[in-house]
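Undergrad: Could you have a look at this structure, given as structure tokens, before my questions?
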Amino acid sequence: MSRRSGVLEFAVLGLLHDAPMHGYELRKRLNILLGSFRAFSYGTLYPCLKNLVAQGFLVEDNPDTEYVPATALNGKRSKIVYRLSPEGKERFEELLADSGPDAWEDEHFGVHFAFFGQTDRAVRMRVLEGRRSRLEERLERMRSSLARTRERFDDYTLELQRHGLESVEREVRWLNELIETERANRSGRTATGPATPQSSDGRGHQDGSPDPDRPPYDRPGRST
Numbered sequence: 003m004s005r006r007s008g009v010l011e012f013a014v015l016g017l018l019h020d021a022p023m024h025g026y027e028l029r030k031r032l033n034i035l036l037g038s039f040r041a042f043s044y045g046t047l048y049p050c051l052k053n054l055v056a057q058g059f060l061v062e063d064n065p066d067t068e069y070v071p072a073t074a075l076n077g078k079r080s081k082i083v084y085r086l087s088p089e090g091k092e093r094f095e096e097l098l099a100d101s102g103p104d105a106w107e108d109e110h111f112g113v114h115f116a117f118f119g120q121t122d123r124a125v126r127m128r129v130l131e132g133r134r135s136r137l138e139e140r141l142e143r144m145r146s147s148l149a150r151t152r153e154r155f156d157d158y159t160l161e162l163q164r165h166g167l168e169s170v171e172r173e174v175r176w177l178n179e180l181i182e183t184e185r186a187n188r189s190g191r192t193a194t195g196p197a198t199p200q201s202s203d204g205r206g207h208q209d210g211s212p213d214p215d216r217p218p219y220d221r222p223g224r225s226t
């Protein structure tokens with residue numbers, strides 16, 4: 003399974019874990035969850051849904067009263083609603099518990115973070131610390147590269163490299179704040195938590211006051 007399809011599988015199972023949805027609504031939620039820069043077409047989503055059905059992770063329902071707008075592929079009105087099977091719920095729990103190196107990478111980290119509200123605290127810590135470690139390694143390479151090539155690039159290319167470097171530095175600072183908040187909540191100390199979580203492109207999501215019994219941030223990109 004490719005990284006992109008793995009991310010999509012995780013996101014689909016996570017969204018359907020909250021409530022059954024038809025494909026049109028699911029696609030809208032995915033675009034909100036993953037961001038417009040990772041928008042998925044019907045041509046990408048529906049093969050994933052069919053594959054998850056074939057594996058027994060999803061069940062297709064056909065309610066008589068459900069209206070779904072026409073799809074981009076066939077122009078027909080689909081009434082299929084997808085819901086998790088018991089096996090699908092188990093698969094989602096397995097993906098939530100994954101804190102290995104794949105969870106630290108750019109393609110996977112955002113989706114893991116989006117479902118942190120349902121993730122065990124120890125897993126959250128391992129993912130956050132792994133992500134920070136991966137970005138610190140990236141920073142070292144970027145700084146080394148910038149130092150070696152400074153004389154060979156024009157001012158605009160150098161500015162572009164500095165911009166990328168600053169974006170990674172900003173995400174590392176954000177991760178440091180999240181990790182400190184997690185540790186403070188685990189130890190029972192008072193912590194205010196990060197005010198504005200930042201992604202590597204500088205976009206942030208506002209969060210509320212931390213609850214000692216819940217993670218110190220909401221799941222970003224979720225509609226109500």
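Residue numbers (my numbering): 3 to 226. For glycine and all other residues, C-beta sits at the position ideal for the given N, C-alpha and C. Just so you know, these numbers come straight off a predicted model, no measurement behind them.
Please classify Leu35 as buried or exposed, where buried requires at least 16 neighbouring CB atoms within 10 angstroms.
TA: Locating residue 35 in the sequence shown gives position 33, counting from the first residue. The residue in question, Leu35, is buried, as its Cβ has 16 or more Cβ neighbours within 10 Å.
Undergrad: On the three-state DSSP scale, how would you describe Glu179?
TA: Residue 179 sits at position 177 when you count from the first residue of the sequence shown. Note: Glu179 maps to helix in three-state DSSP.
Undergrad: Looking only at its own chain, which residues have a Cβ that is under 7 Å from the Cβ of Phe12, when we skip the five neighbours before and after it?
TA: As a working mapping, residue 12 is identified with position 10 in the sequence shown. Counting only Cβ-Cβ distances below 7 Å, and skipping sequence neighbours, we find Leu97, Val113.
Undergrad: Quick check on Gly102: buried or exposed, where buried means 16 or more other Cβ atoms within 10 Å of its Cβ?
TA: Walking along the sequence shown from the start, residue 102 turns up at place 100. By the 10 Å Cβ count, Gly102 comes out exposed.
Undergrad: For Arg85, which residues does DSSP report across the bridge?
TA: For the purposes of this step, residue 85 is identified with residue 83 of the sequence shown, where counting begins at 1. Answer is Val61, bridged to Arg85.
Undergrad: Thr151 lies in the alpha helix (DSSP H); which residues open and close that run?
TA: As a first step, residue 151 is located in the sequence shown; it is residue number 149 there, counting from the start. Start and end: 123-151.
Undergrad: Could you tell me the boundaries of the alpha helix (DSSP H) in which Ala116 lies?
TA: On the sequence shown, position 114 is the one that residue 116 refers to. From DSSP, the alpha helix (DSSP H) with Ala116 extends over 108-116.
Undergrad: Looking at Leu60 and Gly90, is the spacing between their C-beta atoms short of 8 Å?
TA: In the sequence shown, residue 90 corresponds to position 88, counting from 1. In the sequence shown, residue 60 corresponds to position 58, counting from 1. Contact: yes.
Undergrad: So, for Asn178: in the same chain, excluding its five sequence neighbours on each side, which residues have a beta-carbon less than 8 Å away from its beta-carbon?
TA: Numbered from 1 along the sequence shown, position 176 holds the residue referred to as residue 178. Here the set comprises Arg134.
Undergrad: Only counting the same chain, and skipping five residues up and downstream in sequence, which positions put a Cβ closer than 8 Å to that of Leu17?
TA: On the sequence shown, position 15 is the one that residue 17 refers to. Answer for Leu17: Met23, Leu28, Arg31, Leu32, Leu35, listed in chain order.
Undergrad: Between Gly132 and Glu161, what straight-line distance do the alpha-carbon atoms span, to the nearest angstrom?
TA: Locating residue 132 in the sequence shown gives position 130, counting from the first residue. Locating residue 161 in the sequence shown gives position 159, counting from the first residue. Cα to Cα, the separation comes out at about 28 Å.
Undergrad: Quickly, what does DSSP pair His24 with across the bridge? List them, please.
TA: On the sequence shown, position 22 is the one that residue 24 refers to. BP columns for His24 point to Val83.
Undergrad: Leaving out five residues on either side along the sequence, give the residues of the same chain with a beta carbon under 6 Å from the beta carbon of Arg136.
TA: Working through the sequence shown from its first residue, we reach residue 136 at position 134. Result list for Arg136: Trp106, in chain order.
Undergrad: Only counting the same chain, and skipping five residues up and downstream in sequence, which positions put a Cβ closer than 8 Å to that of Ile181?
TA: Here the question's residue 181 lines up with position 179 in the sequence shown. Counting only Cβ-Cβ distances below 8 Å, and skipping sequence neighbours, we find Met127, Leu130, Glu131, Arg134.
Undergrad: Alpha carbons only, please: which of Ala56, Gln120, Leu54, Ala99 is nearest the one belonging to Asp20?
TA: Residue 20 sits at position 18 when you count from the first residue of the sequence shown. Checked all of Ala56, Gln120, Leu54, Ala99; the closest Cα to Asp20 is Gln120.
Undergrad: Give every residue of the same chain whose Cβ lies closer than 8 Å to the Cβ of His110, excluding the five residues on either side of it in the sequence, and list them in chain order.
TA: Here residue 110 corresponds to residue number 108 of the sequence shown, with the count starting at 1. Once the five neighbours on either side are set aside, the close Cβ partners of His110 are Arg5, Gly8, Val9, Phe12, Asp104.
Undergrad: Taking Cβ to Cβ, would you say Arg175 is nearer than 8 Å to Arg123?
TA: For the purposes of this step, residue 175 is taken as the residue at position 173 of the sequence shown. For the purposes of this step, residue 123 is taken as the residue at position 121 of the sequence shown. Contact: no.
Undergrad: Please name the residue in Gly58, Tyr26, Gln57 whose C-alpha comes closest to that of Gly45.
TA: Residue 45 sits at position 43 when you count from the first residue of the sequence shown. The shortest C-alpha separation from Gly45 is found at Tyr26.
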